[in-house]
Amino acid sequence: MNRIVKMAIKDLRLLARDRMGAFFILGFPILMGLFFGLVMGGSNSGEGRAKMQVAIVDNDNSDMSRKFIESLKANESIAVSMEELESARESVRKGKRVAMMVLDEGFGESAGVLWGQPPTIKLGVDPSRSAEAAMLQGFIMESIGQLVGERFQDPDLMRNFIDKSRQELADNQSISSTNRMLMQAFFGSLEQMTENIGALQTQSDDSSQAPNAGKGIQFANIESLDVSRAVDPDSTAGQIAKLNSKWDISFPQAMIWGVLGCVAGFAISIAKERTQGTMTRLRVAPVSKFEIIAGKALACFITVVLVIVTLTVLGVLLGMQPKSYPLLVLAAISVSVCFVGIMMFLSVIGTTEQAVGGSGWAINMVMAMLGGGMIPVMFMPAFMKSLSNLSPVKWGILSLEGAIWREFSFAEMVMPCLILIGVGIIGMSIGTLIFRRTDA
Amino acid sequence: MENPLIVSAQGLRKSYGSHIAVDGLNFEIQRGATFGLLGPNGAGKTTTISMLVGLLHPDEGSVIVGDGSSKSNGTAGNPVDDSVRRLIGVAPQSLSLYDELTAKENLEFFGQLYGLSGGRLRERVQWSLAFAELEDRQKDRLSTFSGGMKRRMNIAVAMIHEPEILLLDEPTVGVDPQSRNHIFESIQRLQKEGLTILYTTHYMEEAQRLCDSVAIMDHGKLLALDSVPRLIAQHGGCSVVTCELGRLPEQVELPGQLDGTLLRFESDRPLEKVAELSGQGVQFRTLSISQPDLESVFLSLTGRSLRD
């Protein structure tokens, strides 16, 4: 075991000093992960967008509803478009808008009033943009809060509203005399305060108000509006709906590219040992052929695990949120076993570095193309999806995705992991058998 | 009293398909001797060495390495066994080193494979660096070394575990004269320390300079095996005298053909013959005497030159 570890350390040291090899194992996959993450990330978050696209259906058409909409339009984070109900719903469903908002009749009567029932705003948010929903609700409250200020700053508006409320109070016979007196006193005070505000406004040109007046107070009821359709969880849309970050697809792919880099690099290194003669020196030493190949396998295994760990850490720093770390460990080990086996097989199919490198990368590319290393399997046509089952890359990505965003249970992880480990064992067996029969 | 045998190869035979690489090879090497394996490319030298170190299994015959003495740690047997392999140090013909590791790292790695560790490993690494005269370059990667320095490292790595037998396969191929001399001096130092050396080469002058006994191989067969002087005496033929004559008295009987003023003849006693001619009044303008060497021996045994 000691000699196997020594040989693995030697190979890791050589790899660390091979800048081009290290680039293809780690640098290239990171660049791929970042590039494809940025390319694919637009639909899953608001990052990079100038404004949040919101459709508004104004069924009230009052001064207050228009002021509310104007307030939203003034928000630099929101792009408002006025639409009909069905059109707005479709635009959200199709992903053209982040959310739709419905202002029903009567919105203007209660908007900005500090007593009685607050106005109701119906809000429908694209389920895949849930991260932006809370931000949008905050903007809505901010705009409603501005309506409160509007009412207090416009004495005529307030006076009309107080008169209307006094009339309603007089007409309502169910209110007790005590409450009626209290309400009359309140309206009197309110009227006086409105008069004072009017007087102040005439004395001062400074009519500016705090832009965030009313912020933090619940000025409106926000009702959820269903904009989602029943989505088959196995469909592409259903799978995409599970994505948490734009890195969820690109980083498992990047991990596999890093792993393929390891496979090619270590397969070539075995061929290089033959061509540069160091294999001869290893074999005349008191070291068995098994120990020689096991040393390579150990170094490759460690490198593959390091690649997956490094890309996981980078992904998490960028916002990837693996659903299950224990399952990610299981996936990483399964992927490592599988591709170490493939490396050992590739290392014996040629005798020179050129032969092993050429055939190794050719096989890697075919595996990657079929298995979703370039185009995710979920976006492939049906026949390609069936073909992808033949590629270990597909099972590698599936197991990593299962732990990162597909929310696989342990039972669901078993099949891809068993396939990976099986492929690995077959590869190791064939590779070791041929290596032991070969006189280097 | 003769030294004990430390290598014994009996009836070695190895073929690849219909091609017989080694055919019934027999030889023995005494402890402390330097044994040369001489032959052209394709003669079967590398196959023979591969069988001696356990890399190849002979189709027939056997190899015994070690003399079972305390110097061999009581070991003697087939080089397939790990304990026997520890007795052997090999410097392959190709530079079998890791270019991207430093000189020290190469020595440490191979030393660890032979079970060295701790202070013993450090001691052997320093010894090997001193042997190769590369102490000041120990932290440099081999990729920055010259060809000659790499050749010295190749031998130093073979010596890292202090073997009983050192196998040097064409150790001077592609090196400059200065490095070649350095390698010769290193080998002669090891000879003085009593190390057994098996030296393969196709340079006759190297074998003549370094080897106590030489086996000449061709087409997988052993053509001759003896000490260098005996091989020359038995197979080298006579010395060749070439001279240009100034004055030639008419009555003198020449020992060879005269071409103009140029005389060439063979003799087992060339100096005596030249003195005799001089006494008869022959005047020499130029004189050259070529003694037989291993090249002559090979030519005599195979009918062709070693470099053909």
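In order, the protein sequences belong to chains A and B.
If you're matching positions, the first sequence starts at 113 in the working numbering and goes up one per residue.
If you're matching positions, the second sequence starts at 967 in the working numbering and goes up one per residue.
Here a beta-carbon is modelled for each residue, glycine too, at the ideal position from N, C-alpha and C.
Report yes if the CB atom of residue i is closer than 8 Å to the CB atom of residue j, and no otherwise.
i                 : j                 : result
Leu502 (chain A)  : Leu482 (chain A)  : yes
Met253 (chain A)  : Phe180 (chain A)  : no
Leu971 (chain B)  : Met1017 (chain B) : no
Glu403 (chain A)  : Ile116 (chain A)  : yes
Ser1254 (chain B) : Thr1208 (chain B) : yes
Gly1010 (chain B) : Val1046 (chain B) : no
Gln433 (chain A)  : Asn356 (chain A)  : yes
Val371 (chain A)  : Phe451 (chain A)  : yes
Glu1172 (chain B) : Thr1227 (chain B) : no
Ala1057 (chain B) : Ala1124 (chain B) : yes
Gly514 (chain A)  : Pro528 (chain A)  : yes
Ile537 (chain A)  : Phe457 (chain A)  : no
Ala120 (chain A)  : Gly407 (chain A)  : yes
Val166 (chain A)  : Leu248 (chain A)  : yes
Val210 (chain A)  : Met270 (chain A)  : no
Name the chain B residues whose beta carbon is nearer than 8 Å to that of residue i?
i                : result
Lys118 (chain A) : Phe1075, Gln1078 and Leu1079
Thr392 (chain A) : Leu1021, Val1056, Pro1058, Ser1060 and Ser1062
For residue i, which residues in chain B fall below 7 Å Cβ to Cβ?
i                : result
Gly389 (chain A) : Pro1058, Ser1060, Leu1061 and Ser1062
Arg115 (chain A) : Leu1079
Arg549 (chain A) : Per Cβ cutoff of 7 Å: no residues; Arg549 (chain A) is ~12 Å from chain B at best.
With burial defined as no fewer than 16 other Cβ atoms inside 10 Å of the residue's Cβ, what is the status of residue i: buried or exposed?
i                 : result
Ala494 (chain A)  : exposed
Val214 (chain A)  : buried
Pro1215 (chain B) : exposed
Lys506 (chain A)  : buried
Arg393 (chain A)  : buried
Ser1244 (chain B) : exposed
Met1119 (chain B) : buried
Phe147 (chain A)  : exposed
His985 (chain B)  : exposed
Val1263 (chain B) : buried
Ser319 (chain A)  : Annotation note: pLDDT 40 at Ser319 (chain A) (below 50); position unreliable, coordinate value reported separately. Answer is exposed; the Cβ neighbour count stays below 16.
His1023 (chain B) : exposed
Ile1015 (chain B) : buried
Pro141 (chain A)  : buried
Gly328 (chain A)  : Caution applies to Gly328 (chain A), whose pLDDT of 43 falls short of 50 and renders its modelled position unreliable; the value that the coordinates give is listed next. That one is exposed.
Asp123 (chain A)  : buried
Leu1095 (chain B) : buried
Lys1116 (chain B) : buried
Arg997 (chain B)  : buried
Can you check which of these residues, the options, is closest to residue i by C-alpha distance?
i                 : options                                       : result
Gly224 (chain A)  : A:Leu259, A:Val214 and A:Val192               : A:Leu259
Ile190 (chain A)  : A:Met212, A:Lys206, A:Arg549 and A:Leu126     : A:Met212
Val169 (chain A)  : A:Phe491, A:Phe147 and A:Ser203               : A:Ser203
Leu1164 (chain B) : B:Met1170, B:Gln1154, B:Cys1177 and B:Arg1155 : B:Cys1177
Asn333 (chain A)  : A:Gln365, A:Pro230 and A:Ala406               : A:Pro230
Glu968 (chain B)  : B:Tyr982, B:Ile995, B:Asp1065 and B:Gly1027   : B:Ile995
Ile420 (chain A)  : A:Val441, A:Lys435, A:Leu429 and A:Lys408     : A:Val441
Thr1167 (chain B) : B:Gln1078, B:Gly1008, B:Gly998 and B:Ala1042  : B:Gly1008
Met176 (chain A)  : A:Pro398, A:Leu302 and A:Gly261               : A:Gly261
Gln1157 (chain B) : B:Tyr982, B:Thr1110 and B:Phe1001             : B:Phe1001
Leu138 (chain A)  : A:Ala243, A:Met247, A:Thr390 and A:Gln365     : A:Gln365
Gly508 (chain A)  : A:Glu519, A:Gly485 and A:Met490               : A:Gly485
Ser974 (chain B)  : B:Glu1219, B:Thr1013 and B:Val1029            : B:Val1029
Arg1052 (chain B) : B:Gly1077, B:Glu1066 and B:Leu1073            : B:Gly1077
Trp556 (chain A)  : A:Ile546, A:Val375 and A:Ala443               : No answer is possible for residue 556 (chain A): it lies beyond the span of chain A, which begins at 113 and ends at 552.
His940 (chain B)  : A:Val417, A:Ala397 and A:Met132               : Residue coverage of chain B in this structure runs from 967 to 1274, which leaves residue 940 (chain B) outside it and unanswerable.
Anything in chain A within Cβ reach of residue i, meaning under 7 Å, just list it in chain order.
i                 : result
Val1019 (chain B) : Val396
Asp1048 (chain B) : Pro398
Taking DSSP's pairing of strands, which residues face residue i in a bridge?
i                 : result
Lys1187 (chain B) : B:Asp1184
Tyr1284 (chain B) : Residue 1284 (chain B) lies beyond the stretch modelled for chain B, which goes from 967 to 1274, so this question has no answer here.
Glu1232 (chain B) : B:Val1206
Arg1107 (chain B) : B:Thr1068
Glu1216 (chain B) : For Glu1216 (chain B), which the question treats as bridged, DSSP gives no partner whatsoever.
Gln996 (chain B)  : B:Leu971
Tyr982 (chain B)  : B:His985
Output, in chain order, the set of chain A residues within a Cβ distance shorter than 8 Å of residue i.
i                 : result
Leu978 (chain B)  : The contacting residues do not exist; Leu978 (chain B) stays about 16 Å from chain A at best.
Leu1054 (chain B) : It should be noted that the sequence gives Ile, not Leu, for residue 1054 (chain B). Within 8 Å Cβ-Cβ: Val396.
Arg1051 (chain B) : Val396, Ala397 and Pro398
For a contact meaning CB atoms closer than 9 Å, what does residue i contact in chain A?
i                 : result
Leu1067 (chain B) : Lys122, Arg125, Leu126 and Arg129
Ile1153 (chain B) : None at all; the shortest Cβ gap to chain A is about 19 Å.
The ligand FMN and residue i: does any heavy atom of the ligand fall closer than 7 Å to the residue's C-beta?
i                : result
Leu545 (chain A) : The ligand FMN is absent from the structure shown, which contains no ligands of any kind.
Residue i versus chain B: which residues are under 9 Å apart at the beta carbon?
i                : result
Arg241 (chain A) : Simply none; closest approach about 50 Å.
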